[in-house]
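The sequence shown begins at 1141 in the numbering used here and counts up one residue at a time. Built from N, CA and C at the ideal position, the CB exists for glycine as well. Source: prediction; values computed, not measured. Worksheet: the structure to be examined is printed underneath.
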Amino acid sequence: MRHLVCTIILLISALGSCLAQPKLAIETVVSGFTRPVKVTHANDSRLFVAEIGGKIRVVKNGAILPTPFLDIAAKINDPDWAGIFSIAFSPNYQTSGFFYVMYVVKSKTEVQISRFTRQPGNADLADANSEVKILTIPYEDVLGGHRGGDMAFGMDGFLYISTGDNGPGSRGVLGDPANNSQNMGKLFGKLLRLDTSAPAPGDNPLGKIFALGLRNPWRFGFDRQTGDLWIGDNGQDGWEEVNYLSYPFGNTISNFGWNCLEGTQTYNASHCAQGTAYIAPKLTYPGFTNNGGKDASVMGGFVYRGSRYPSMKGYYFFGDYATGKIGYINPLGVPTPDAGLTHPSLISFGEDQSGELFVVSFLNGTLSKLSNPGDPLPVQLAFFRVAEREQSKVLEWRTLFESNFHHFVVQRSLDGQKFEGIDTVNCHGSYYTYTYLIAGPSYGNSYYRLKMVDLDGSFQYSSLIAVKTGGRMIEPFVFPNPAAAMFRVGGITKGDKISLYSVSGALVISKSAVSDQDIDFTLKGRPAGIYTIMIENKNSGFLKKLKVSKD
């Protein structure tokens, strides 16, 4: 048995060494925020950044919009330390317009969770007068005590809210002396789960406790692929910890151990309940007293599920506010608390719609992107263009690199904005040149792009190319066909030359179109048989051959 265990450990170590290790970098996206604390998305391409001073800003096309999305500065307690803590957008925000804000109430020790609504007709502005109060948490010492402070919707559609233990945070002082975190009669040191579709989501909040035994869970996040929960819980003096629950969660209330335990070590034995099952942290690392008197303060993050950096997939990224260090836990559970990258005043992580990760600097006021510059894309294009092949237009592209890649979807648009998939092209490997015939009727200028889909279903888009068709709206046609004496050629464009040839190939008549109007031809006096019509336009390069039969 001992040899089997050793073999398994060696196997896990070998697998861990085969995982691509991210070589992380921070790329500044935009700066100019005032004490930002949270970044998230609303299921579209924009990013929303909450400032502790009471404003939510919109980042659109790489720039901060001048008018705040929401401004509740007049309602908050302190613009430096006790204002907006978190924001969360409803999963059905695009239709409902609902989003949620957690903030500290002016001149009170209360933390308020409220629902707001965007303005009708303007997606970049919220209605500040639309506030509906959902839940109020009456902390006793908001500035000095722990209040947690995050919100997020889980895969199950519930809104999760973290709360601090309301205990003192000073070094060397006993943590959570009232044992709030283990008291099911108080909301402190808990994770709450609310059904926002209910008529009164915040009623009976004690009945909505999902987890207990937390000290100061300032930031938590859900894995968008698996639904798993990751919590960064700030330690007292000795240990910082990252807690974890796999999805689906079940009906049992989870207990993470504080303040019986700090990390995996006993902290206050008098607050330990005999027979209680405490959930061990996924990761602990030394805090102040175990780190030579150097401050530490974990910042919970997210599992990377974006498509831009394949070597980062499945890694859980977290950081530390005191040191600015960024670390990760790889998909096998092997931690690297210090990945060799720091970001000053790291206060929060966030995701965009596609799963790319962002970091927020509280004092520097910047929003940055977590990246791995050396990570190749799953597919890299040498070129994507339109070419002429035997009087037909084709799309042509060549790959320089294909790894964990599956297929292309050829997409077409008439306006360059709304695209539809028209065909699928399977991958053939690196350095392959692909061609795709643009077939069917012409409908004026068309726009094409490639949707490049990886093995795991993630994707990216190629650049956009326009295919000029000379403005021809419909394909040329002949009516009636067969014809008795007269027939008409339609679908022509100004500048077309229409030539009629006999069965023997002799030119019968030729006409030039001076407008887009149909042109009539006569076969009166001509023998029965099959006639050929050639339509060409030297300006656009258009060439079309039709047949007409005379009875």
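Please report how far the alpha carbon of residue i lies from the alpha carbon of residue j, in whole angstroms.
{"i": "glutamine 1365", "j": "phenylalanine 1442", "result": "11 Å"}
{"i": "glycine 1361", "j": "leucine 1314", "result": "29 Å"}
{"i": "proline 1357", "j": "methionine 1242", "result": "14 Å"}
{"i": "serine 1532", "j": "threonine 1662", "result": "31 Å"}
{"i": "serine 1236", "j": "proline 1518", "result": "36 Å"}
{"i": "aspartate 1281", "j": "glycine 1307", "result": "8 Å"}
{"i": "isoleucine 1349", "j": "leucine 1577", "result": "59 Å"}
{"i": "arginine 1589", "j": "lysine 1637", "result": "33 Å"}
{"i": "serine 1451", "j": "asparagine 1344", "result": "45 Å"}
{"i": "proline 1339", "j": "histidine 1568", "result": "54 Å"}
{"i": "lysine 1248", "j": "proline 1219", "result": "14 Å"}
{"i": "leucine 1385", "j": "glycine 1403", "result": "16 Å"}
{"i": "isoleucine 1469", "j": "valine 1382", "result": "10 Å"}
{"i": "asparagine 1431", "j": "tyrosine 1587", "result": "59 Å"}
{"i": "proline 1176", "j": "valine 1170", "result": "12 Å"}
{"i": "glycine 1440", "j": "glycine 1473", "result": "16 Å"}
{"i": "valine 1534", "j": "glutamate 1528", "result": "6 Å"}
{"i": "aspartate 1596", "j": "glycine 1454", "result": "12 Å"}
{"i": "methionine 1626", "j": "aspartate 1184", "result": "57 Å"}
{"i": "asparagine 1217", "j": "methionine 1291", "result": "19 Å"}
{"i": "glycine 1459", "j": "glutamate 1536", "result": "44 Å"}
{"i": "alanine 1266", "j": "glycine 1223", "result": "18 Å"}
{"i": "glutamine 1557", "j": "glutamine 1551", "result": "11 Å"}
{"i": "asparagine 1320", "j": "glycine 1329", "result": "7 Å"}
{"i": "serine 1508", "j": "histidine 1483", "result": "9 Å"}
{"i": "threonine 1257", "j": "threonine 1476", "result": "41 Å"}
{"i": "asparagine 1399", "j": "phenylalanine 1599", "result": "45 Å"}
Using a Cβ-Cβ distance cut-off of 8 Å, determine whether residue i contacts chain D.
{"i": "lysine 1326", "result": "No chain D is present in this structure, which holds just one protein chain."}
Check residue i in the structure and name its three-state DSSP category.
{"i": "leucine 1346", "result": "helix"}
{"i": "proline 1450", "result": "helix"}
{"i": "lysine 1684", "result": "strand"}
{"i": "glutamine 1322", "result": "helix"}
{"i": "threonine 1672", "result": "strand"}
{"i": "threonine 1235", "result": "helix"}
{"i": "lysine 1634", "result": "coil"}
{"i": "lysine 1215", "result": "helix"}
{"i": "phenylalanine 1661", "result": "strand"}
Could you check whether the Cβ of residue i sits closer than 7 Å to any heavy atom belonging to the ligand MG?
{"i": "asparagine 1217", "result": "Ligands displayed in this structure: none; no statement on the ligand MG is therefore possible."}
For residue i, does the count of other Cβ atoms within 10 angstroms reach 16, so buried, or fall short, so exposed?
{"i": "valine 1500", "result": "buried"}
{"i": "tyrosine 1449", "result": "buried"}
{"i": "valine 1272", "result": "exposed"}
{"i": "lysine 1434", "result": "exposed"}
{"i": "tyrosine 1572", "result": "exposed"}
{"i": "threonine 1539", "result": "buried"}
{"i": "proline 1616", "result": "buried"}
{"i": "glycine 1120", "result": "Examination of residue 1120 is not possible in this model, given that the chain is present from 1141 through 1691 alone."}
{"i": "lysine 1687", "result": "exposed"}
{"i": "asparagine 1544", "result": "exposed"}
{"i": "glutamate 1496", "result": "buried"}
{"i": "glycine 1353", "result": "buried"}
{"i": "glycine 1631", "result": "buried"}
{"i": "lysine 1664", "result": "exposed"}
{"i": "glutamate 1191", "result": "buried"}
Of the choices the options, whose alpha-carbon is the least far from that of residue i?
{"i": "glycine 1415", "options": "Val1688, Gly1397, Gly1454", "result": "Gly1397"}
{"i": "threonine 1506", "options": "Lys1163, Thr1168, Pro1345", "result": "Thr1168"}
{"i": "tyrosine 1240", "options": "Phe1458, Ala1214, Lys1246, Thr1276", "result": "Thr1276"}
{"i": "aspartate 1658", "options": "Ile1670, Tyr1671, Ile1675", "result": "Ile1675"}
{"i": "valine 1593", "options": "Gly1446, Glu1615, Glu1528, Glu1381", "result": "Gly1446"}
{"i": "threonine 1672", "options": "Ser1254, Lys1664, Lys1684", "result": "Lys1684"}
{"i": "serine 1570", "options": "Arg1258, His1546, His1483", "result": "His1546"}
{"i": "threonine 1424", "options": "Asn1269, Ile1166, Asp1377", "result": "Asp1377"}
{"i": "isoleucine 1204", "options": "Thr1174, Asn1183, Ala1228", "result": "Thr1174"}
{"i": "glutamate 1491", "options": "Gln1161, Ile1166, Thr1180", "result": "Thr1180"}
{"i": "glycine 1288", "options": "Asp1184, Leu1327, Ala1165, Thr1476", "result": "Leu1327"}
{"i": "tryptophan 1221", "options": "Ile1227, Gly1194, Asp1211", "result": "Gly1194"}
{"i": "glutamate 1709", "options": "Gln1520, Val1550, Arg1525, Asp1563", "result": "Past the boundaries of the shown model lies residue 1709; the chain is included only from 1141 to 1691, so the question cannot be answered."}
{"i": "isoleucine 1419", "options": "Ala1351, Tyr1300, Asp1478, Phe1457", "result": "Ala1351"}
{"i": "proline 1162", "options": "Leu1331, Val1526, Leu1510", "result": "Leu1510"}
{"i": "glycine 1202", "options": "Phe1209, Gln1259, Arg1186, Lys1215", "result": "Arg1186"}
{"i": "aspartate 1478", "options": "Gln1493, Tyr1456, Arg1255", "result": "Tyr1456"}
{"i": "threonine 1392", "options": "Ile1196, Gly1480, Leu1401, Gly1347", "result": "Gly1347"}
{"i": "valine 1549", "options": "Ser1602, Glu1191, Asn1504", "result": "Ser1602"}
{"i": "leucine 1299", "options": "Ser1230, Asp1555, Ser1650", "result": "Ser1230"}
Alpha helix (DSSP H) runs contained entirely in the region 1558-1602, provided each spans 4 or more residues: none
Length at least 3, wholly inside the region 1333-1411: the beta strand (DSSP E) runs in chain order: 1349-1352, 1359-1362, 1369-1373, 1379-1385
Every unbroken alpha helix (DSSP H) inside the region 1462-1500 [4 residues or more]: none
Contiguous beta strand (DSSP E) assignments of at least 3 residues, all confined to the region 1412-1441: 1423-1426
Within the region 1174-1211, ranges of the beta strand (DSSP E) (whole runs, at least 3 residues): 1176-1180, 1187-1191, 1195-1200
Segments of 3+ residues assigned as beta strand (DSSP E) that fall wholly inside the region 1256-1309: 1262-1278, 1291-1293, 1299-1302
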